[in-house]
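Residue numbers (the working numbering), protein chains in the order written: chain A, 1 to 109; chain B, 1 to 114. Note that CB positions come from ideal geometry on N, CA and C, so glycine has one too. None of the values given here were measured: they were computed from a predicted structure. Reviewing the structure listed below.
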Amino acid sequence: TQLLEQSPQFLSIQEGENLTVYCNSSSVFSSLQWYRQEPGEGPVLLVTVVTGGEVKKLKRLTFQFGDARKDSSLHITAAQTGDTGLYLCAGTWGNMLTFGGGTRLMVKP
Amino acid sequence: ETGVTQTPRHLVMGMTNKKSLKCEQHLGHNAMYWYKQSAKKPLELMFVYSLEERVENNSVPSRFSPECPNSSHLFLHLHTLQPEDSALYLCASSQEGTNTGELFFGEGSRLTVL
Numbered sequence: 001t002q003l004l005e006q007s008p009q010f011l012s013i014q015e016g017e018n019l020t021v022y023c024n025s026s027s028v029f030s031s032l033q034w035y036r037q038e039p040g041e042g043p044v045l046l047v048t049v050v051t052g053g054e055v056k057k058l059k060r061l062t063f064q065f066g067d068a069r070k071d072s073s074l075h076i077t078a079a080q081t082g083d084t085g086l087y088l089c090a091g092t093w094g095n096m097l098t099f100g101g102g103t104r105l106m107v108k109p
Numbered sequence: 001e002t003g004v005t006q007t008p009r010h011l012v013m014g015m016t017n018k019k020s021l022k023c024e025q026h027l028g029h030n031a032m033y034w035y036k037q038s039a040k041k042p043l044e045l046m047f048v049y050s051l052e053e054r055v056e057n058n059s060v061p062s063r064f065s066p067e068c069p070n071s072s073h074l075f076l077h078l079h080t081l082q083p084e085d086s087a088l089y090l091c092a093s094s095q096e097g098t099n100t101g102e103l104f105f106g107e108g109s110r111l112t113v114l
């Protein structure tokens, strides 16, 4: 079983602050995805990273895939209240997709 | 029209009831999934239908029974559930063969078992 550990589990910050959340594993993944889930909704795909060392940007969000394809990070610049939600990483290994436990982010006005 | 639609959004049932959750996808995908989301646990894959073939997670109790009549529709039949089965049940779809496993989720059905 491939395990993905996300940290921190919970994060509460003020609007305008920067933050980084992490997704780590001992396994090598062929690709890794980040999803955001807002309260009362299903997860929505934000990005997929495939190549080791890859960096993708989505407005104020920066995603990085580790060189060894075992870990990933999500950095949010100048957080807004609309960024509040559960951030899930999911790694693809063969035909399996494994989810991490998530980071629950609260951005206060 | 949203990509993946789930009904009902909320369901309360007793342990002796029989109910069903429904999922419909409008994305032309050929794989559909049921996930269970409980508090403080990672998303748990329950069932996969890929190219209309069922792939089962052996740890799912038999009181959960999936049905996939075609590539656009997926059901989860519920019978004699336990209170610990209370959770958010998420349906998802994907296009097999992309090698990235990108999933498109519905909004979920919040199940409470009394």
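{"Asked": "Give me the chain B residues within the contact set of E41 (chain A), using Cβ-Cβ distance strictly less than 8 Å, ordered along the chain.", "Found": "E107 and G108"}
{"Asked": "Shorter than 7 Å from the beta carbon of G101 (chain B) to some beta carbon of chain A?", "Found": "yes"}
{"Asked": "By the three-class DSSP mapping on this structure, what secondary structure does G85 (chain A) have?", "Found": "strand"}
{"Asked": "Give the secondary structure of D71 (chain A) by DSSP, where H, G and I count as helix, E and B as strand, and everything else as coil.", "Found": "strand"}
{"Asked": "Starting from T103 (chain A) and walking both ways along the beta strand (DSSP E), at which residues does that stretch end?", "Found": "T103 to K108"}
{"Asked": "Count the other C-beta atoms from every protein chain shown that fall within 10 angstroms of the C-beta of S31 (chain A), then say buried if there are 16 or more, exposed otherwise.", "Found": "buried"}
{"Asked": "Whether or not the stretch 11-20 of chain A and the stretch 63-70 of chain A are in contact is what I'm after, with contact meaning three or more pairs of Cβ atoms, one per stretch, closer than 8 Å; do they touch?", "Found": "no"}
{"Asked": "Is it right to say L88 (chain B) is buried, meaning 16 or more other beta carbons lie within 10 angstroms of its own, or is it exposed?", "Found": "buried"}
{"Asked": "On the criterion of 16 or more Cβ atoms from any shown chain inside 10 Å, does M106 (chain A) qualify as buried, or is it exposed?", "Found": "exposed"}
{"Asked": "Which residues, taken in chain order from the stretch 61-92 of chain A, show a beta carbon closer than 8 Å to some beta carbon of chain B?", "Found": "L88, A90 and T92"}
{"Asked": "Between the Cα of P66 (chain B) and the Cα atoms of B:Q95, B:H77, B:Y35 and B:K22, which residue gives the shortest distance?", "Found": "B:H77"}
{"Asked": "Going by beta carbon distance, what residues of the same chain come within less than 7 Å of F64 (chain B), once the five residues before and after it are set aside?", "Found": "M46, L76 and L78"}
{"Asked": "Do V113 (chain B) and P69 (chain B) come within 7 Å of each other at the CB atom, strictly closer than that value?", "Found": "no"}
{"Asked": "Between the beta-carbon of L11 (chain A) and the beta-carbon of T98 (chain A), is there less than 7 Å?", "Found": "no"}
{"Asked": "Under 7 Å, do V44 (chain A) and Y87 (chain A) count as touching if we go by C-beta distance?", "Found": "no"}
{"Asked": "Under the three-state reduction of DSSP, which class applies to P123 (chain B): helix, strand or coil?", "Found": "Any property of residue 123 (chain B) remains undetermined from this structure, which presents chain B solely from 1 to 114."}
{"Asked": "From the DSSP output, which residues share a beta bridge with E24 (chain B)?", "Found": "B:T5 and B:H73"}
{"Asked": "Can you name the residues of chain B whose CB is closer than 8 Å to the CB of G100 (chain A)?", "Found": "P42"}
{"Asked": "Should the stretch 1-8 of chain B be called in touch with the stretch 22-32 of chain B, which here means at least 3 C-beta pairs below 8 Å?", "Found": "yes"}
{"Asked": "Tell whether a beta-carbon distance below 7 Å holds between L111 (chain B) and S86 (chain B).", "Found": "yes"}
{"Asked": "What did DSSP end up calling E84 (chain B) once you bin it into helix, strand or coil?", "Found": "helix"}
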